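All remarks here apply to the structure that follows.
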Amino acid sequence: RGQDGREGFYSGFEQASCIPDWLCNLTQVGHLGEAYEEWVHQPIVSKETPRFFANHFLEFLTRTRWWAIPLIWLPVVWWFVFTSIDVGLPILQLAASTFAGISVWTLLEYSLHRFLFHINPKGYWSLLPMYNFASSYIDNFYRGNTIHYLMHGCHHKHPMDGLRLVFPPAATAILLLPLWHLIKLLVPPAVAPALFGGGLLGYVMYDCIHYYLHHGKPINGVSNSLKRFHMNHHFRVQDKGFGVTSSFWDKVFGTLPPNPGEKK
Numbered sequence: 001r002g003q004d005g006r007e008g009f010y011s012g013f014e015q016a017s018c019i020p021d022w023l024c025n026l027t028q029v030g031h032l033g034e035a036y037e038e039w040v041h042q043p044i045v046s047k048e049t050p051r052f053f054a055n056h057f058l059e060f061l062t063r064t065r066w067w068a069i070p071l072i073w074l075p076v077v078w079w080f081v082f083t084s085i086d087v088g089l090p091i092l093q094l095a096a097s098t099f100a101g102i103s104v105w106t107l108l109e110y111s112l113h114r115f116l117f118h119i120n121p122k123g124y125w126s127l128l129p130m131y132n133f134a135s136s137y138i139d140n141f142y143r144g145n146t147i148h149y150l151m152h153g154c155h156h157k158h159p160m161d162g163l164r165l166v167f168p169p170a171a172t173a174i175l176l177l178p179l180w181h182l183i184k185l186l187v188p189p190a191v192a193p194a195l196f197g198g199g200l201l202g203y204v205m206y207d208c209i210h211y212y213l214h215h216g217k218p219i220n221g222v223s224n225s226l227k228r229f230h231m232n233h234h235f236r237v238q239d240k241g242f243g244v245t246s247s248f249w250d251k252v253f254g255t256l257p258p259n260p261g262e263k264k
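1 is the number of the first residue of the sequence shown in the UniProt record's numbering; add one for each residue after it.
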């Protein structure tokens with residue numbers, strides 16, 4: 001294997017059968033088997049964008065410019081918040097509900113990153129409802145490496161890839177629909193839009209901050225501290241430091257990384 005891990009990775013590609021063809025570039029990751037976990041945490045520090053799909057449209061859906069996130073979702077945030085205003089929610093309750101939504105997002109951000117994005121990929125496919133039906137493909141998707149790489153592993157392998165750093169809007173829209181219906185069931189009708197809008201605003205802030213931490217050059221202050229904290233997660237201690245917009249929940253749940261002078 002070469003210094004960046006690519007030699008061993010691509011040599012396995014040549015022997016891999018790809019079913020179906022449009023998943024070929026992704027299924028190849030699965031053939032790394034047990035070596036995947038080590039390989040994916042050996043980052044390639046360049047701005048290259050690896051190809052996922054042979055199909056051009058599917059490939060397009062996986063690549064997103066950072067500015068598309070506020071451009072698409074901030075008007076949606078405003079619509080939801082304005083809906084609560086329109087039904088007469090008092091201004092203090094509006095502010096509290098929106099802030100609560102942002103706060104809930106920070107916990108969701110931490111939880112998704114820790115418990116989903118960094119789950120051991122061996123068990124991914126056993127979680128799928130169609131697991132038995134898809135059993136003929138399990139060898140190609142060996143123990144969930146493929147879905148982990150698609151969801152988060154690629155970001156750790158190519159941390160400077162600016163086109164796969166923010167979440168694709170199409171996938172976000174699919175996830176938002178059931179979440180919105182869940183919130184409507186749990187909170188009063190006047191509060192639900194503001195709470196949901198706050199959570200969506202928290203997500204927009206997260207994606208923009210995340211992009212800045214990878215591609216911005218803060219000199220000092222909070223932004224510099226956040227960048228150091230997040231780069232530490234990528235390049236030093238990948239199983240600690242799951243917060244992106246803050247380290248608050250890492251402090252609460254004891255997942256702060258050790259200081260550079262300490263043992264990992």
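Even glycine gets a Cβ: it sits at the ideal position worked out from N, Cα and C.
None of the values given here were measured: they were computed from a predicted structure.
Whole-angstrom distance between Trp-78 and Leu-32, CA atom to CA atom: Start at 1 with the first residue of the sequence shown, and residue 32 comes out as number 32. Start at 1 with the first residue of the sequence shown, and residue 78 comes out as number 78. Going by the C-alpha atoms only, they are around 45 Å apart.
Enumerate in chain order the residues of its own chain whose CB-to-CB distance from Lys-184 is below 7 Å, with the five nearest sequence positions on each side excluded. The residue labelled residue 184 in the question sits at position 184 within the sequence shown. Counting only Cβ-Cβ distances below 7 Å, and skipping sequence neighbours, we find Ala-192.
Distance check for Gln-238 and Gly-101, CA to CA, integer angstroms please. Walking along the sequence shown from the start, residue 101 turns up at place 101. Walking along the sequence shown from the start, residue 238 turns up at place 238. Straight-line Cα distance between these residues: approximately 28 Å.
With a Cβ-Cβ cutoff of 9 Å, do Pro-168 and Thr-64 count as a contact? The count along the sequence shown starts at 1 and reaches residue 168 at position 168. The count along the sequence shown starts at 1 and reaches residue 64 at position 64. Closer than 9 Å, so yes.
Work out the CA separation of Phe-53 and Ile-174 for me, nearest whole Å. In the sequence shown, counting from the first residue as 1, residue 174 sits at position 174. In the sequence shown, counting from the first residue as 1, residue 53 sits at position 53. Their Cα atoms are separated by approximately 20 Å.
Any idea if Gly-198 is buried or exposed, counting beta-carbon neighbours within 10 angstroms, 16 or more meaning buried? Walking along the sequence shown from the start, residue 198 turns up at place 198. Classification for Gly-198: buried.
Assign Gly-254 to buried or exposed, taking buried as 16 or more other Cβ atoms, counted over all protein chains shown, within 10 Å of its Cβ. Here residue 254 refers to the residue found at position 254 of the sequence shown. Exposed, because fewer than 16 other Cβ atoms sit within 10 Å of the Cβ of Gly-254.
Give me, in chain order, the residues of the same chain whose beta-carbon lies closer than 6 Å to that of Val-87; leave out the 5 immediate sequence neighbours on both sides. Working through the sequence shown from its first residue, we reach residue 87 at position 87. Hits under 6 Å: Ala-190.
Any idea if His-56 is buried or exposed, counting beta-carbon neighbours within 10 angstroms, 16 or more meaning buried? Locating residue 56 in the sequence shown gives position 56, counting from the first residue. Exposed, since its Cβ has fewer than 16 Cβ neighbours within 10 Å.
Does DSSP put Arg-228 in a helix, in a strand, or in coil? The residue labelled residue 228 in the question sits at position 228 within the sequence shown. Helix at Arg-228.
Can you find at least 3 beta carbon pairs, one from the region 88 to 96 and one from the region 113 to 122, that sit closer than 8 Å? no
With 16 as the cutoff for other CB atoms within 10 Å, does Ser-97 come out buried or exposed? If you number the sequence shown from 1, residue 97 lands on position 97. That one is buried.
Beta-carbon contacts of Ala-134 that lie in its chain and below 6 Å, excluding the five residues immediately before and after: Looking up residue 134 in the sequence shown gives position 134. For Ala-134, the predicted model reports a pLDDT of 46, less than 50, meaning its position is unreliable; a value from the coordinates is still stated below. Counting only Cβ-Cβ distances below 6 Å, and skipping sequence neighbours, we find nothing.
Just to confirm, is the Cβ distance from Thr-62 to Leu-176 under 9 Å? The residue given as residue 62 occupies position 62 in the sequence shown. The residue given as residue 176 occupies position 176 in the sequence shown. Cβ atoms of Thr-62 and Leu-176: not closer than 9 Å.
Where Pro-50 and Ala-68 are concerned, what is the direct C-alpha to C-alpha distance, given to the nearest angstrom? Within the sequence shown, residue 50 is the residue found at index 50, counting from 1. Within the sequence shown, residue 68 is the residue found at index 68, counting from 1. Cα to Cα, Pro-50 sits roughly 20 Å from Ala-68.
Assigned secondary structure, Thr-146 (DSSP; H/G/I helix, E/B strand, else coil): Mapped onto the sequence shown, residue 146 falls at position 146. The answer is helix: DSSP assigns Thr-146 an H, G or I state.
Report back the beta-carbon spacing between Cys-208 and Pro-70 to the nearest angstrom; my notes put them in contact at under 8 Å. One-based indexing of the sequence shown puts residue 208 at position 208. One-based indexing of the sequence shown puts residue 70 at position 70. The Cβ separation is near 6 Å, so the contact holds.
Candidates Gly-241, Gly-221 and Phe-196: which alpha carbon is nearest Ser-103's? The residue you call residue 103 lines up with position 103 of the sequence shown. Out of Gly-241, Gly-221 and Phe-196, Phe-196 has the C-alpha closest to the C-alpha of Ser-103.
Alpha carbon to alpha carbon, how far is Leu-182 from Lys-240? As a working note, residue 182 is residue 182 in the sequence shown. As a working note, residue 240 is residue 240 in the sequence shown. Approximately 30 Å, taken between the alpha carbons.
If you run the structure through DSSP and keep just helix, strand and coil, what is Gly-202? For this step, residue 202 is matched to residue 202 along the sequence shown. If DSSP states are grouped into helix, strand and coil, Gly-202 belongs with the helices.
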